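Here the structure is laid out as structure tokens; the discussion comes afterwards.
Numbering (the numbering used here), first residue to last: 97 to 311.
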């Protein structure tokens with residue numbers, strides 16, 4: 097769908113499939129990027145038509161932007177297409193059937209004020225905007241997180257410690273998360289413990305991050 101826009105440069109960054117290693121592949125993409133501001137999104141998400149425009153308008157130095165997601169439930173996931181994001185009428189046809197969770201986010205309100213928020217609740221790197229220099233300053237994502245869970249919470253904890261604030265807006269820069277079977281949660285307990293240990297540390301730089309890429 098988006099490859100039709102030939103004025104946009106696409107670069108495919110990949111790694112060998114050795115299980116869930118989101119931290120490492122995100123760092124590889126960060127290292128290969130050439131822009132000052134980076135937008136993070138997962139492969140199981142579809143961006144709203146104004147997604148990039150909103151992210152760029154909401155970018156603010158000294159902050160990272162935590163975007164919202166609408167959950168496309170199992171009953172309609174095979175019928176939900178990027179074209180559904182082209183108009184509020186198409187989105188409403190899904191929303192009225194109550195098959196979009198968090199569906200209030202489908203309404204784009206450009207003049208709705210953004211706000212600052214604290215804490216770790218709602219942290220998701222499936223929709224996040226941050227300046228590349230800030231990611232480099234904290235040494236990117238932590239490769240110690242292997243298996244599903246908590247690598248996004250951990251980097252945000254360090255971004256806070258570095259001095260960034262969290263910016264949000266419920267009606268702009270929204271993405272649509274497509275239902276899929278859950279990832280294996282077998283590493284979650286270990287990752288929770290690792291996150292807790294790191295939260296007790298005063299450093300905002302992880303030891304095993306961008307500096308350890310095998311590129």
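All residues carry an ideal CB built from backbone N, CA and C; glycine is no exception.
Being a predicted model, the structure only gives us computed values, none of them experimental.
Could you check what DSSP says for residue i in three-state terms: helix, strand or coil?
{"i": "residue 235", "result": "coil"}
{"i": "residue 257", "result": "helix"}
{"i": "residue 173", "result": "coil"}
{"i": "residue 181", "result": "helix"}
{"i": "residue 151", "result": "helix"}
{"i": "residue 242", "result": "coil"}
{"i": "residue 60", "result": "Absent from the structure is residue 60, since the part of the chain shown begins at 97 and ends at 311."}
{"i": "residue 219", "result": "coil"}
Just grab the DSSP bridge partners of residue i for me.
{"i": "residue 134", "result": "226"}
{"i": "residue 262", "result": "160, 213"}
{"i": "residue 165", "result": "271"}
{"i": "residue 205", "result": "None, per the DSSP bridge assignment."}
{"i": "residue 277", "result": "Residue 277 pairs with nothing; no bridge assigned."}
{"i": "residue 197", "result": "167"}
Excluding the 5 residues flanking residue i on each side, which residues of the same chain have their C-beta closer than 8 Å to its C-beta?
{"i": "residue 275", "result": "167, 168, 169, 170, 173"}
{"i": "residue 159", "result": "212, 260, 261, 262, 263"}
{"i": "residue 186", "result": "179, 180"}
{"i": "residue 201", "result": "164, 165, 166, 266, 267, 270"}
Output needed for residue i: all residues of its chain with C-beta closer than 7 Å, excluding positions within five of it in sequence on either side, in chain order.
{"i": "residue 240", "result": "290, 304"}
{"i": "residue 300", "result": "234, 254, 257, 258"}
Going by beta carbon distance, what residues of the same chain come within less than 6 Å of residue i, once the five residues before and after it are set aside?
{"i": "residue 219", "result": "248, 249, 252"}
So residue i and residue j are supposed to be a Cβ contact under 8 Å. How far apart are they, rounded?
{"i": "residue 243", "j": "residue 133", "result": "Actually they are not in contact, since the Cβ atoms of residue 243 and residue 133 sit about 29 Å apart, beyond 8 Å."}
{"i": "residue 269", "j": "residue 139", "result": "With 8 Å as the limit, residue 269 and residue 139 do not qualify as a contact, their Cβ atoms being about 18 Å apart."}
{"i": "residue 105", "j": "residue 221", "result": "Rounded, the Cβ-Cβ distance is 22 Å, inconsistent with contact."}
{"i": "residue 272", "j": "residue 230", "result": "About 27 Å separates the two Cβ atoms, so there is no contact after all."}
Is it the case that the segment 144-151 contacts the segment 241-261, given that we only count it when at least three CB pairs across the two stretches are under 8 Å?
no
Three or more C-beta pairs under 8 Å: does that hold for the segment 225-244 against the segment 109-127?
Short answer: they touch.
Quick check: the segment 277-287 against the segment 172-179, are at least 3 beta-carbon pairs closer than 8 Å?
no
If contact is defined by three or more beta carbon pairs under 8 Å, each pair taking one atom from either stretch, is the segment 202-214 in contact with the segment 265-273?
yes
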